[in-house]
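Same order as they appear, the protein sequences are chains Z and S. Per the numbering used here, the first sequence runs over residues 59 to 520. Per the numbering used here, the second sequence runs over residues 59 to 520.
Number of protein chains: 2
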Amino acid sequence: MSNHTPSIEADDGHEDDYGLDKSLSSQVLLALATEDRDRLVELFEPLHPADIADLLEQLGDAQRKELIELSGPLIDGEVLSEIDEDIRESVIDIMPDAQIADAVRKLESDDVVDILEDLDKSQQATILDALDSTDRLAVEQALAYPEFSAGRLMQREVISMPEHWTVGDAIQNLREQVELPEQFYHVILVDPRHHPIGYVTLGRLMSSAPDTSLNTLTEPSFRSFRVDEDEGNVAYAFNQYHLISAPVVDSEGRLSGVITIDDAMVVLDEEHEEDVLRLAGVGGERLSNSTFRIVKRRFPWLGVNLFTSILASLVIAQFEDVLTAVVALAVLMPIVASMGGNAATQSMTVAVRALATRDLTSSNVLRVIRRESVAGLLNGVLFALVMGIVCYFWFGSALLGVVIGVAMIINLLVAGFAGVLVPIALDKMGIDPALASGAFVTTVTDVVGFFAFLGLASVVLL
Amino acid sequence: MSNHTPSIEADDGHEDDYGLDKSLSSQVLLALATEDRDRLVELFEPLHPADIADLLEQLGDAQRKELIELSGPLIDGEVLSEIDEDIRESVIDIMPDAQIADAVRKLESDDVVDILEDLDKSQQATILDALDSTDRLAVEQALAYPEFSAGRLMQREVISMPEHWTVGDAIQNLREQVELPEQFYHVILVDPRHHPIGYVTLGRLMSSAPDTSLNTLTEPSFRSFRVDEDEGNVAYAFNQYHLISAPVVDSEGRLSGVITIDDAMVVLDEEHEEDVLRLAGVGGERLSNSTFRIVKRRFPWLGVNLFTSILASLVIAQFEDVLTAVVALAVLMPIVASMGGNAATQSMTVAVRALATRDLTSSNVLRVIRRESVAGLLNGVLFALVMGIVCYFWFGSALLGVVIGVAMIINLLVAGFAGVLVPIALDKMGIDPALASGAFVTTVTDVVGFFAFLGLASVVLL
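Shown next as structure tokens:
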């Protein structure tokens, strides 16, 4: 009944029921070592293509090559479309052209587009040559839309019907279609100019009397997107308005395709992931990237950080006199900077996320800035008290305690304020706040922290 | 045709087509100021409940109260189920009981459960009293399942049929049902013990001849979940296996309900969001939280950071002699710590995310640890060269350049290694790596950074 029986369901109740189990990958490695193709076929048989793709991603380069060669056609089009794009290129390089051709021929056009867009020209040509002319045209048309647009995301296989049809007409028509799209949840109603004007769920269609007019059954959730709409906006709308599918229209408003929720879910997932990674300066990274590649990718961010920490050091260098006189300052100053940096990261993360989810808008921006600043100030006061007392007992100096306390209050206030203001300012300037906020914000708290602490110390202690 | 016409589609091609536009919120505030209820009705009319909920979330407490009072029944059950849980409690406090009762009576049972689970006992009683006895029973049964379980997430409205039925039987049956669930995409086939054994898409059903047996039309994607399965695992499986809906079974394997992809998408979205916030020590925060609340929530994380930075300061305190002798060390030492901290955060973020997405497994863990360590080492060497040269020109001392260079190489190597090892170890111990990794990892790089730099300096420069 099922060719992807979830083998993993056997060990019911176990915490990690989903995804690959560990013994599977060691069994595959064993089959690989003994070149036992029959065993490999047996192991792959119950797996979903997404799990086979994960398995390939988790292997080292040499093992992956061996596995692909031993698997042959077991690595089919569905596996290819599930596999991470960074690995896919090398997988396709290893596969014989005839096998690639077989694999892609069985895919829907949107999956072929998804595979093609990240390949180099010669690999693209291999795949396009394998398609029949109709599919090839559909794929080429989709590739003509900008990257990350609704046009790229949509499938062209659409079920649409004239708005004046009845339920009986619709069912009759569906029965006569040779091939229905793999995924469809709505029949889209179009006017004579082929503009989509509403849709009917299949459930509604099926439960209504045959003489019911389709346009009395439309759903209020109906919403359409233009082919050039950004896929991030599409994913946002699917999530916000609980859409299941939505038609995509060309610049004339004519129906061009349909986007389904599973595609939107993938985009939402990827955008989220990218945002988290960007906050840490590792945007665009994959776990499968080579060492050399991640060194190259991380270098610029670390370079920015080197520059900003040199700025902070230049501030410290202005206070050599007081540092020589009171060595306790050198011992304590990282605490002021570190607390400021952490408080700022808290505010910044909240602000960056709220901008991404569109919860931070002109109606609440002032309230949020005030809240973050006051929260920074209050935590500053609390930690100033703690640190003042610690200093008094550690270095026996009440004055030193006062200096570090006041410096912390100033730095945590600034941290709260800058933590939320910097992402908002970057966003206004059209710069991705997830990418750039961290460097700016920690520079501010480092510079302010060292300046406030050492500056106060010069005045009070020298 | 549509009662949620997307008013925002009017300004086509604009970047921020989705979500609330700015002028809307100012218009609502104006209507509120002039107590113009007709205008408010007019403004709300084209809005999706999710947008009305966003509007309420973005207002201050006083304005929100006024808006709720002026809106009356415009704040219906759908708005209530869209609104952020932190705000919901206060909204329900403001609304008259009769209005709450009206609102929830129109919702499906899973939405009522979603609203109820975050309310206090007396508010729960108000809502339960408003439901008729069947709905009340369904809601109470759902609340008996553990929080964050498939049982809580599922809807109880299911379309199931005996496996031996034909397409004709199925369509006949669907036509006869008085009320079909709002969302359904599959007919679930059950055996005589009411165990789900497969499903048929509505598209397949509709396009097949009436005498076709249902069990010849089942889909390979079929997968079921137990009522006590964690909702995170359910969301993962929906995303990994591109599920649209899946049956939920009780401990005897009997069909209890169904989960649809839109519910899974919400869970995936929330889990992602929570992971990002946890990494910065602001887990569980909402933009609508009060200042007092965020001060309280952030205090513990800042407290941990204070403790760890005092540890680092204790390391520095061991080297007072060399700091007094060479004040340049105090100027430079934050650079070593900061570079280490940033490099470690990069490795850590990659590892924490890979654990969350289940891409980091026993088959690639050694390779990833090696990759991160080598990448840290290589970037360490590169920045050691840069910083060595900077030091030579800044302080005129080649020896100081060598000291900071070697310290950076050591610290970045340790950063790469600890950045990936700490999250893995926490995960093995059953501690959420997103929550706790940051504090451990930066302690390691601070301590190692200061120790390597000042220790080397003591040996070489004193």
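Backbone N, C-alpha and C define an ideal beta-carbon position, used for all residues, glycine too. Treat the numbers as computed from the prediction; the structure is a model and nothing was measured.
Assigned exposure category for residue i - 16 Cβ within 10 Å defines buried
| i | result |
| --- | --- |
| P154 of chain Z | exposed |
| G226 of chain S | exposed |
| A208 of chain Z | buried |
| F350 of chain S | exposed |
| Q230 of chain Z | exposed |
| L360 of chain S | buried |
| F451 of chain Z | exposed |
Any C-beta of chain Z under 8 angstroms from that of residue i
| i | result |
| --- | --- |
| E331 of chain S | yes |
| H300 of chain S | yes |
| L105 of chain S | no |
| E124 of chain S | no |
| V340 of chain S | yes |
| Q157 of chain S | no |
| A89 of chain S | no |
| E205 of chain S | no |
Close Cβ partners of residue i (< 8 angstroms) along its chain, the five nearest in sequence each way excluded
| i | result |
| --- | --- |
| D190 of chain Z | R163 |
| L90 of chain S | L98, Q121, E124, L125, L128 |
| L514 of chain Z | V461, V464, A465 |
| L413 of chain Z | P481, I482, D485, P491 |
| E73 of chain S | Residue confidence for E73 of chain S is low, a pLDDT of 41 falling below 50, so the modelled location carries little weight; the figure read from the coordinates is stated next. Contacts found: none. |
Rounded straight-line distance, which links the Cα of residue j to that of residue i
| i | j | result |
| --- | --- | --- |
| T407 of chain S | A465 of chain Z | 30 angstroms |
| S271 of chain Z | S218 of chain Z | 15 angstroms |
| P491 of chain S | V324 of chain S | 22 angstroms |
| N422 of chain S | Q116 of chain Z | 5 angstroms |
| V353 of chain S | A401 of chain Z | 10 angstroms |
| T415 of chain S | P278 of chain S | 24 angstroms |
| R95 of chain Z | I150 of chain Z | 20 angstroms |
| V389 of chain S | I368 of chain Z | 9 angstroms |
| S139 of chain S | L326 of chain Z | 21 angstroms |
| I467 of chain Z | H106 of chain Z | 56 angstroms |
| I110 of chain S | R425 of chain Z | 19 angstroms |
| T419 of chain Z | S265 of chain Z | 43 angstroms |
| A108 of chain S | L82 of chain S | 14 angstroms |
| M391 of chain Z | G496 of chain S | 21 angstroms |
Residues near residue i in its chain [Cβ-Cβ closer than 7 angstroms; skip 5 each side]
| i | result |
| --- | --- |
| R214 of chain S | S167, A196, G315 |
| D321 of chain S | L211 |
| R344 of chain S | D142, D144 |
| T259 of chain S | Y243, H244, E277 |
| Q85 of chain S | L101 |
| G341 of chain S | E332, L335, L493 |
| D172 of chain Z | S139 |
Option nearest residue i by Cα separation, candidates the options
| i | options | result |
| --- | --- | --- |
| L211 of chain S | S:T184, S:G256, S:R356, S:Q199 | S:Q199 |
| L187 of chain Z | Z:P204, Z:A156, Z:E175, Z:L201 | Position check: residue 187 of chain Z holds Asp in this sequence, whereas Leu was assumed. The candidate whose alpha carbon is nearest that of D187 of chain Z is Z:A156. |
| G135 of chain Z | Z:A159, Z:S148, Z:L113 | Z:A159 |
| V472 of chain S | S:A395, S:N273, S:S282 | S:A395 |
| S309 of chain S | S:H244, S:V285, S:D379 | S:V285 |
| G438 of chain S | S:A409, S:G474, S:S455 | S:G474 |
| R312 of chain S | S:T224, S:I133, S:W223, S:L247 | S:L247 |
| R356 of chain Z | S:G434, S:V380, S:E147, S:V517 | S:G434 |
Cutoff 8 angstroms: residue i Cβ touching any chain S Cβ
| i | result |
| --- | --- |
| S396 of chain Z | yes |
| A108 of chain Z | yes |
| H62 of chain Z | In this predicted model, H62 of chain Z has a pLDDT of only 42, less than 50, meaning its place in the structure is not dependable enough to derive any value. |
| L233 of chain Z | A small correction: the amino acid at residue 233 of chain Z is Arg; Leu does not occupy that position in the sequence shown. So yes, R233 of chain Z belongs to the interface. |
| R356 of chain Z | yes |
| L218 of chain Z | According to the sequence as given, residue 218 of chain Z is Ser; it is not Leu. Cβ-Cβ to chain S under 8 angstroms: no for S218 of chain Z. |
| S180 of chain Z | no |
| Q116 of chain Z | yes |
| N469 of chain Z | no |
| E289 of chain Z | no |
| I368 of chain Z | yes |
Cβ neighbours of residue i in the same chain (closer than 6 angstroms, five flanking residues each side left out)
| i | result |
| --- | --- |
| I447 of chain S | none |
| I302 of chain S | Y243, I319 |
| V499 of chain Z | A402, M406, A476, G477, V480 |
| D523 of chain S | In the structure as shown, chain S begins at 59 and stops at 520. Residue 523 of chain S is therefore absent and cannot be evaluated. |
Residue i CB to nearest heavy atom of the ligand COA below 7 angstroms
| i | result |
| --- | --- |
| Y450 of chain S | For the ligand COA, the structure offers nothing, since it holds no ligand at all. |
Cutoff 8 angstroms: residue i Cβ touching any chain A Cβ
| i | result |
| --- | --- |
| Y243 of chain S | Structure shown: chain A not included; protein chains present are Z and S. |
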